[in-house]
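Residue numbers (the working numbering): 4 to 287. I have placed the structure first, in the form of structure tokens, so that the comments after it can refer back to it.
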């Protein structure tokens, strides 16, 4: 409504994104992970997020192998990686509170390795005929991600048995409360649907690959794995989350079709929201 009334414009989304990624989300991570006890199930959640991202990458290469270099790189770059910080966290926090954030946060750590590592490599390598891949660029990119560094720092502090100062926890607690409304506001700012008919088949193939794989594997793991409900909910719902918004950032950096990636991103947000709502009502 605010966007329709021109009170908030899409150009404002960049500033809100910086605030969420660099301030409210890190503070939420600090609060959620400050007293966490890292057990084998949480480590397995993190590994699952990473391994599934690699699996999706292979599916993407197979699905778009006949496309030209530019299209192949763009579509494959979009396949792995999930929008957890902006999309999942507000919903998870509202349903399960800090316990849910803990599990999805560990899943996001594995996802971050894919988003800031593997997808960046793919986008960079296929962006031009003469592009070469350099590991240092990936490492520099990951070292500048404040949420990723916050995960690593807070988990390390918890593992070695230290406690963050009370003043840091108090300040982070206040700021973290803004993460849910700002994240949902940001999704509304970027919500837009404009479908290029020339890309219809590619988009349909992308959505089918992503959600059929996610639903089939997620349901299978939910039924078969001998872990608690929160562990299985994390995998079931985590594998059908929307496309990572970093693909939009990489589209600008590597000169891919931003309109196409933006449209696909919004479609995945809509589809994931419907699926999460349906599964949530069915199971809970």
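Even for Gly, the Cβ is constructed at its ideal location relative to N, Cα and C. Keep in mind that this is a model prediction, so the values were computed, not measured.
What three-state label does DSSP hand residue i in the structure shown?
| i | result |
| --- | --- |
| residue 85 | strand |
| residue 78 | helix |
| residue 124 | helix |
| residue 4 | coil |
| residue 104 | helix |
| residue 257 | coil |
| residue 164 | coil |
| residue 70 | coil |
| residue 9 | coil |
| residue 148 | coil |
| residue 65 | helix |
| residue 93 | helix |
| residue 44 | helix |
Work out the CA separation of residue j and residue i for me, nearest whole Å.
| i | j | result |
| --- | --- | --- |
| residue 49 | residue 228 | 15 Å |
| residue 114 | residue 8 | 36 Å |
| residue 161 | residue 47 | 17 Å |
| residue 54 | residue 108 | 16 Å |
| residue 164 | residue 34 | 16 Å |
| residue 240 | residue 214 | 11 Å |
| residue 250 | residue 80 | 7 Å |
| residue 158 | residue 244 | 24 Å |
| residue 36 | residue 70 | 43 Å |
| residue 88 | residue 216 | 22 Å |
| residue 122 | residue 139 | 15 Å |
| residue 209 | residue 247 | 14 Å |
| residue 85 | residue 119 | 11 Å |
| residue 231 | residue 64 | 34 Å |
| residue 257 | residue 13 | 22 Å |
| residue 16 | residue 169 | 32 Å |
| residue 261 | residue 147 | 23 Å |
Quick one: is residue i buried, meaning 16 or more other Cβ sit within 10 Å of its Cβ, or exposed?
| i | result |
| --- | --- |
| residue 4 | exposed |
| residue 111 | buried |
| residue 151 | buried |
| residue 21 | exposed |
| residue 61 | exposed |
| residue 273 | exposed |
| residue 43 | exposed |
| residue 96 | buried |
| residue 40 | exposed |
| residue 18 | exposed |
| residue 27 | buried |
| residue 68 | exposed |
| residue 267 | buried |
| residue 130 | buried |
Nearest by alpha-carbon distance to residue i: which of the options is it?
| i | options | result |
| --- | --- | --- |
| residue 179 | 29, 12 and 10 | 29 |
| residue 270 | 220, 64, 203 and 14 | 203 |
| residue 286 | 236, 206 and 242 | 236 |
| residue 75 | 56, 90 and 125 | 125 |
| residue 212 | 27, 45 and 66 | 66 |
| residue 1 | 224, 206 and 219 | Past the edges of the chain, shown from 4 to 287, lies residue 1, and the structure says nothing about it. |
| residue 93 | 181, 242, 169 and 153 | 181 |
| residue 116 | 57, 72, 177 and 187 | 57 |
Taking DSSP's pairing of strands, which residues face residue i in a bridge?
| i | result |
| --- | --- |
| residue 246 | 85 |
How about residue i: is its C-beta nearer than 8 Å to some C-beta of chain B?
| i | result |
| --- | --- |
| residue 142 | Protein chain content of the structure displayed is limited to a single chain, and chain B is not contained in it. |
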